[in-house]
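Accompanying notes for the structure given below.
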DNA sequence: AAAGTACCTGTAATTTCCTACAATGTTCAA
DNA sequence: TTGAACATTGTAGGAAATTACAGGTACTTT
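Residue numbers (this note's numbering), protein chains in the order written: chain F, 1012 to 1254; chain R, 1012 to 1254.
Next up, the structure:
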């Protein structure tokens, strides 16, 4: 094993131990900047992957990213068509940006997005998908002019990404937004997701059918759902209930 | 950094590179046995976490585990109450078995399961949650009489677990079971998940309401669902549709 | 003490869903 | 070519869901 790759192996473990001592997102960004620079990366972004009804800006945790490109990217909703984001949703394995395919027929904007990044000096990059609790999807995407990626360094970066994300999540999102549903509403939605009718659920919970429909109805209102099926789907999607 | 922990750091990266050269699950088990032994582990199991309607036996990928305990565990459905499994679903961070809480009131079987494992020589252990695509949950759980866990070794084991799992998944589950739903059934379920009535969906797809109800009905049959809401929940849970 | 929230229940009208029985045309593989 | 699976549509009746209007209890916060 070369001296260089040994350095990089221990670099990952040192980085992880350093993370626990960092208290703010700025400190994490600084630490990431230093550590990733040793692997040839200049820019990076840590972000969740948005649902159809979310904007990616609200999910970005950390970034050292060309600001103009970031503005253009978010303003135009490029995340919907970005080949890197798309591949990120389909794999758990890290990959280089080059490896993200884009079919000009099904995704005409794909090429333009990749070219746009290249215009900002980000021709090459490495993306590390992160899959969290309850199907939460995120990634650490990095770019640099001269990547130094070997079979040794890739897992090291992977490990750094996982821990950096988790640390950032702890700091920046310590309190997941309060579940807007009451206990009863969650309970009735959960039974509905398991195929129970309002009458069934009423019997299970020892209340009348009418009460169940009332809970379902208020859950529909809170979730802006058109009906029970819609409410269950949204509750599952946003991890408000578990089945 | 001590010589021991440096060995263990490189051990992880060597293990990961070795994985790609392994072609069978037996070879992976052997490699894991050798590598994990250096961290003080004797037994391990790599398994997916079952949904309410699944059995854990069908999701076990690799194991070196006391057979009698495994039989007792699966026969009694201990995975439903195992404190380690429960915590595994709630965190992405590795943890020691000791750290898995069990409330005797809400989970009376929890203590018995932990004691049962101890009877088979598995008093201490380390569990590494693995969160895959689309919310797929799995873990690598390991046990040994004398654990050698330090802030350096824990991330190393974590990394090994992630790559070992992915390699086992590639070998043992190369072909995800075919989606049993037809294109039309998925389409109608998807619109249902978005809150559309059968009449709405019929208008959207340019067919009659009756046709939509037929598709939903056959989807319900295939999914063993009691009604549309149940079918949508199951389809979402098993990643048969995306919304 | 008042206000707010969650929880519970009722009636009634309307809409939507679900199932059973029946049938036609298409596509694809054996 | 000949089933098998799929997509489509129909009728009809019962089950379930949805909405609107109304009201009561219990608990917590202000």
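Here a beta-carbon is modelled for each residue, glycine too, at the ideal position from N, C-alpha and C. Here the structure is a predicted model, which is why all the values come from computation and not from measurement.
Check                                                                                                                       : Outcome
The segment 1229-1247 of chain R contacting the segment 1046-1065 of chain F, beta-carbon criterion three pairs below 8 Å   : no
Continuous alpha helix (DSSP H) stretch holding residue 1196 (chain R): start and end                                       : 1194-1204
Where the segment 1022-1036 of chain R meets chain F: residues whose CB sits under 7 Å from a CB there                      : 1024, 1027 and 1028
4-residue-minimum alpha helix (DSSP H) runs that sit fully inside the segment 1046-1091 of chain F, ordered along the chain : 1078-1086
Against chain F: residues of the segment 1197-1218 of chain R by CB proximity under 7 Å                                     : 1203, 1204, 1205 and 1206
Distance between residue 1106 (chain F) and residue 1227 (chain F) (C-alpha atoms, nearest Å)                               : 43 Å
Enclosing beta strand (DSSP E) for residue 1142 (chain R) [first to last residue]                                           : 1136-1142
Residue 1095 (chain F) at chain R interface by Cβ criterion, 7 Å                                                            : no
Under the three-state DSSP convention, the category residue 1029 (chain F) falls into                                       : helix
Residue 1308 (chain R) versus residue 1152 (chain F): straight-line alpha-carbon distance, rounded                          : One cannot answer for residue 1308 (chain R) here, as it falls past the ends of chain R, which runs 1012 to 1254.
Beta-carbon neighbours of residue 1177 (chain R), restricted to chain F and to distances below 9 Å                          : 1103 and 1104
Residue range of the unbroken beta strand (DSSP E) whose run includes residue 1148 (chain F)                                : 1148-1154
Closer than 8 Å at the beta carbon, the chain F residues around residue 1243 (chain R)                                      : 1240, 1243 and 1244
Partners in chain F for residue 1237 (chain R), counting only beta-carbon separations shorter than 7 Å                      : 1206
Short CB-CB distance (under 7 Å) between residue 1234 (chain R) and chain F                                                 : no
The segment 1027-1038 of chain R in contact with the segment 1173-1180 of chain F per 3-pair CB rule at 8 Å                 : no
Any chain R beta carbon closer than 7 Å to residue 1077 (chain F)                                                           : no
At least three beta-carbon pairs within less than 8 Å, the segment 1068-1083 of chain F to the segment 1155-1171 of chain F : no
For residue 1220 (chain F) and residue 1074 (chain R), the rounded distance between their alpha carbons                     : 48 Å
Neighbour flag for residue 1163 (chain F) against chain R, beta carbons, 7 Å                                                : yes
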